[in-house]
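Worksheet for the structure shown next.
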Amino acid sequence: MSSTIIVKNLYKKYDSKDVLCGITFSISKGEIFGLLGPNGAGKTTTVGILTGFLSPTSGDVFVLGYEPLKKPSSFKEKIGIVFQTSGLDRFLSVKESLEMYSRYYPNPKSVDEVMSLTGLTQEKDTYIRKLSGGMQRRLDVAIALIGNPSLLFLDEPTTGFDPEARRDMWNVIRNLQADDTTILLTTHYLEEAQQLANRIAILQSGTIAMQGTTSEILQSENQSVIKFRCNKNLDSLTDKSFDIHKNTNNMYRITTTNPTKTMYTLTNWAVTNNCELEELSVTQPTLEDIYLKLVKQEYIE
């Protein structure tokens, strides 16, 4: 399978600060690639270099066969970019807005096709100012698609969505992949990356801490995750063979390589301390669990 994006030993430095420290990855044609990491990890800088808005300090970068800084004028017609914020004319309808943007490209997709692909057909005559947040985000994606790109950059596409709207957008993204569009997805929602991405790279302090297919990353951890709710403080549970993390609403998460022994220790502690372990479950680690371990910070969706 041919590569749409190739990045080799990429460095980026601002003054004396190293933002990217020799990262290497590639994205194959037609796949969804998830670029994850906490704020400041280097995601925005990486996307800026790939789209030609920033120059690398050193390293090799090829996007659709071109070096982004030396791209021909036709390069912009082959990529679509969905930023976190947009500046749409709120007094145009959905269809009017797409028709306006289509005039900027020599071979645009048809407006009707793009509206169908993004689920906007029924909203075609609705003014942008009257669209819900989820529908406006769909329009952002539709505008990025109108030029008929082969590569799409999606930057936090579902930020601020409720769960139903988020899953609707996931279906839109899956439709784009089925239409043979290559997608680079940045997101803070770990479930989103696990649901959508074929392969994932996790950035941490300018380096790639882990990358691979979703299944490879999930299978890389020989640990189990125990989750439960408890209304008592767990400070007296001092076993050092496992890690305890507290989330919101008295929910706890334990990662352990020996779930049988850990469950024995936990239930004995609960009986001794007269604590009911509600919503108790033992599962394999999710992408979120692995991400938390890598970046060593609490993540709560």
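Counting in this note's numbering, the sequence shown runs from 94 upward without gaps.
Glycine is no exception: its CB is placed at the ideal position from the N, C-alpha and C atoms.
All figures in this text were calculated on a predicted structure; none of them were measured in a lab.
Distance from the CA of I172 to the CA of L210, rounded to the nearest whole angstrom, comes to 17 Å. DSSP places L191 in the helix class (H, G or I) of the three-state scheme.
It is roughly 11 Å from the alpha-carbon of L277 to the alpha-carbon of T139. Unbroken beta strand (DSSP E) runs of no fewer than 3 residues, entirely contained in the stretch 298-375, are found at 300-306, 317-322, 336-339, 344-349, following chain order. Along the stretch 265-299, the alpha helix (DSSP H) occurs as fully enclosed runs of 4 or more residues at 283-289, listed in sequence order.
Under the criterion of beta carbons closer than 8 Å, L296 and A134 qualify as touching, at roughly 4 Å. The Cβ atoms of E189 and G240 do not sit closer than 7 Å to each other. Relative to L380, the option among N102, N361, I99, G130 whose CA is nearest is G130. Look at T211 here: in three-state DSSP terms it is coil, with no helix or strand label. Per the coordinates, the alpha-carbon of V375 lies some 27 Å from the alpha-carbon of D255. If you draw a 10 Å sphere on the C-beta of M208, you find 16 or more other C-beta atoms in it, and that means buried. Per DSSP, Y159 lies in no alpha helix (DSSP H) and is assigned neither H nor E. By the Cβ test, the stretch 294-312 is not in contact with the stretch 356-374, since fewer than three Cβ pairs between them sit closer than 8 Å. Restricting attention to S121, Q287, V112, the CA atom closest to the CA of S95 is found in S121. Inter-residue distance for S225 and A286 is about 24 Å (C-alpha atoms, whole angstroms). Proximity to L143 across D108, V100, T150, L213 peaks at V100, based on C-alpha coordinates. Y220 carries a strand assignment under DSSP once its states are collapsed to helix, strand and coil.
Within 10 angstroms of the beta-carbon of M193 lie fewer than 16 other beta-carbons, which makes it exposed. Pairing L247 with V187 gives a Cβ-Cβ distance that is not under 7 Å. Cβ neighbours of A294 within its own chain (closer than 6 Å, five residues either side excluded): F118, L128, I301, Q304.
Take the alpha-carbon of K386 and the one of Y220: they are about 45 Å apart. A distance below 6 Å between beta-carbons, with the five flanking residues on each side excluded, links Y198 to the following residues of its chain, in chain order: E170, G240.
In this structure, F335 is the residue among F335, Y107, D108, N340 with its C-alpha nearest to the C-alpha of Y357. In the DSSP secondary-structure assignment, I116 is bridged to L103. K325 and K339 have their C-alpha atoms roughly 12 Å apart.
Taking a contact as a CB-CB distance under 8 Å, the pair F126 and R259 does not count as one, their CB atoms being some 19 Å apart. The Cβ atoms of E249 and Q177 lie closer than 7 Å to each other.
Within the model, the alpha-carbon separation for D111 versus I266 is close to 33 Å. The three-state secondary structure of D153, taken from DSSP, is strand. The three-state reading of DSSP puts T251 in coil, since its state is none of H, G, I, E or B.
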